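Residue numbers (the working numbering): 9 to 128.
Cβ atoms here follow ideal geometry from the backbone N, Cα and C, with glycine treated the same way.
It should be emphasised that the depicted structure is a prediction, and the values quoted were computed from it without experimental measurement.
So the structure is just underneath, and the comments pick up after that.
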Ligand SMILES: [Zn+2]
C-alpha cells in the first residue's frame, strides 16, 4: 500500500491550482511593459523628490519579479514531484506535509516545522 498524502480529489485540485498559478505568473511576466526610457529627462532635472519616487517604483517592480520567478520555480518543482509521486513530502526531513499547508501554499517544498527552522 502506497502512502498517499492526499486523496485523488485534493491532489487533482492542487495540481489545477499549480497550473493556474503558473500560467498567471507567465502571463504577468510576458505581459509587462518595458519601463519608459528616460521620458523628458531635461524637464525632470533637479526634481529630486520625483526621481526618488521613480526609483522606488522600479525597485518594487524588480522585487515582485524576483518573487514571481521564485514561485514559478517552486511550481515547476511541485509539478515534477507530482509526476514522481513525491509531492507532499518535505524536502528536508522527508515527513509528509500537512494537507492544510499544501492547500494554502501548493508549491511549498518543506513542512511547517522545517519552514520555521529556516526562519529562525
Ligand atoms: Zn520537514
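- In this structure, the C-beta of residue 85 stays at least 7 Å away from each heavy atom of ligand 1.
- With a beta-carbon spacing of about 7 Å, residue 36 and residue 76 fall inside the 8 Å limit used to define contacts.
- Linking residue 18 to residue 128 through their CA atoms gives a straight-line distance of about 31 Å.
- Take the alpha-carbon of residue 117 and the one of residue 98: they are about 6 Å apart.
- Residue 114 sits close to residue 25, with the two beta carbons spaced by under 8 Å.
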